[in-house]
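The opening position of the sequence shown corresponds to residue 21 in full-length UniProt numbering, with each subsequent residue numbered one higher.
This report refers to the structure that appears directly beneath it.
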Amino acid sequence: AGLQEAKKLAAYKAVDDHVQDNLIVGVGSGSTAVLAVERMMERVRNEHLNIKCIPTSFQARQLIIQSQLPLTNLEINPEIDVTIDGADEVDENLTCIKGGGACFLQEKIVAYNSKKLVIIADYTKDSVKLGQQWKKGIPLEVDPMAYYTVKTKIEKTMGGEAELRIGKMKAGPVITDGGNFILDWKDFNPESNWEEVNMELLKIPGLFETGLFVDMAVVAYFGMSDGTVKVRT
Ligand code: DER
21 AGLQEAKKLA
31 AYKAVDDHVQ
41 DNLIVGVGSG
51 STAVLAVERM
61 MERVRNEHLN
71 IKCIPTSFQA
81 RQLIIQSQLP
91 LTNLEINPEI
101 DVTIDGADEV
111 DENLTCIKGG
121 GACFLQEKIV
131 AYNSKKLVII
141 ADYTKDSVKL
151 GQQWKKGIPL
161 EVDPMAYYTV
171 KTKIEKTMGG
181 EAELRIGKMK
191 AGPVITDGGN
201 FILDWKDFNP
211 ESNWEEVNME
221 LLKIPGLFET
231 GLFVDMAVVA
241 YFGMSDGTVK
251 VRT
C-alpha cells in the first residue's frame, strides 16, 4: 500500500474501533484526520450514528462542516469521549511529535479534555525514538514578540536549533490559528526524557505550547506498506 492507502487503513480501523453512537468526538488536523472524517461520515450515513464533533483547528472545523457532521465545542461539550488525530512521529512509548500542520495548540487542548487520544498515521511515523524519521524538529508555539528570546534561550540552555517557521505561499513567518509564530526545534537529544524536556520548555515565558504529546495517546494505529495495520498501545 502507498502512503495514502496506509493512512486510510489506519484511519478507518481507528474510527471503526472507537467511534460509536452518542459520542463526543475530537477531530484531528492534517491529511490522515481527513480520512477519519470520511469514515465517520460514511458510518453516520449508513448506521445513523449520533455523534458530535469538536475541531482541533480551522481546517478541522471546515472539514466537519463540509462533511455535514454535527459541530460542537468545548463550552457545550467540555468532556470529549475520544479524539482521533494524526502525528508527525510516534515513539515506542506513544510519545508523539505533533504540529507539522501548525495546529498542535488546539490539538493538545482537545486531546487533554478527551477520555482517549487515538493516533492515526502511516508507517513513516512509526519510530522507536523521536527524531529517527521526523527531521523537521519539535514545533513550539510562541508569542510573536518573544520568538527571538525564546529561540536563543532554548539554543543556549538546551542545545539544537530553534528555527522560525517561514510560510511557503506567504512571505514571512507562518501564523497559527491563534495568531502566533512557530519555532521548529531541531537537533534535540533523541535520548531525552520527554516529560522533563516538555516541562522545561513550558517554563519559558512566551512559549505557549509544545508539539510534544507525552503520556497522552493511549493507542496508535499505523497503516503499513503491506496493507496491514499495526496497533501500538
Ligand atoms: O499537525 C499535526 O499535529 C497533524 O496531526 C500532523 O502532525 C499529521 O499530519 P498528517 O496526518 O498530514 O501527516
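Every residue gets a Cβ at the ideal spot worked out from N, C-alpha and C, and that includes glycine.
Owing to the predicted nature of the structure, the values given are computational and were not obtained by experimental measurement.
Practice problem: Note down the Cα distance separating M61 from S87, rounded to an integer number of angstroms. | Solution: 6 Å
Considering only the alpha carbon of each residue, which of G198, Q40, G179, Y132 lies closest to P164?
Measuring from the Cα of P164, the nearest candidate turns out to be G198.
Quiz item: Hey, quick one: how far does the beta strand (DSSP E) through S134 stretch, first residue to last?
Solution: 134-142
| field | CA nearest to the CA of Y241, picked from L29, D204, K190, A21 | value | L29
Legend entry - heavy atom of the ligand DER below 8 Å from T230 C-beta: no
| message | Alpha carbons only, please: which of D142, F78, L203 is nearest the one belonging to D246? | response | D142
### Query
Quick one: what's got a C-beta closer than 8 Å to E109's C-beta in the same chain, skipping five residues either side?
C116, I117, K145, S147, L150, G151, Q152, Q153, W154
Note to self: Taking the alpha carbon of V251 as the reference point, which residue from G22, A31, E25, Q24 has its own alpha carbon closest?
What the structure shows: A31
Exercise. Just the C-alpha distance for I84 and V57, rounded to the nearest angstrom, thanks.
Key: 7 Å
ask   = Could you give the C-beta distance for A34 and I100, rounded to a whole number, given that I count them as a contact under 8 Å?
value = Not a contact, Cβ separation roughly 15 Å.
Query raised in the report: So does the segment 211-223 actually touch the segment 89-99, counting three or more Cβ pairs closer than 8 Å?
Result: no
**Q.** As assigned by DSSP and simplified to three states, the class of T103
**A.** strand
- Query: Going by other Cβ atoms of all chains shown within 10 Å of its Cβ, with 16 needed for buried, is residue 277 buried or exposed?
  - Reply: In the structure as shown, the chain begins at 21 and stops at 253. Residue 277 is therefore absent and cannot be evaluated.
ask   = Are the beta-carbon atoms of K72 and V45 separated by less than 9 Å?
value = yes
Roughly how far, in whole angstroms, is the beta-carbon of residue 13 from the beta-carbon of G226, given that I think they are within contact range, below 8 Å?
Missing from the structure shown is residue 13; the chain here goes from 21 to 253 and no further.
*Straight-line gap, T248 to I96 (C-alpha atoms, nearest Å)*: Here the alpha carbon of T248 sits roughly 38 Å from the alpha carbon of I96.
Exercise. Can you tell me the Cα-Cα spacing of I202 and R65, whole angstroms?
Worked result: The straight-line gap separating the alpha-carbon atoms of I202 and R65 is approximately 38 Å.
message = Bridge partners for G243 per DSSP, in chain order?
response = D142, V249
Please look up how many angstroms separate the CB atoms of Q126 and T76, rounded, as I've assumed it's under 8 Å. 5 Å
Item to complete: Ignore the nearest five residues each way along the sequence and tell me which others in M236's own chain have a CB closer than 6 Å to its CB.
Response: Result list for M236: A131, L137, in chain order.
ask   = By Cβ distance below 6 Å, which residues in the same chain neighbour G121 in space, the five residues on each side in sequence not counted?
value = S49, G50
Run the proximity test for F124: is its beta-carbon closer than 8 Å to any non-hydrogen atom belonging to the ligand DER?
Yes, since a heavy atom of the ligand DER falls inside the 8 Å radius drawn around the Cβ of F124.
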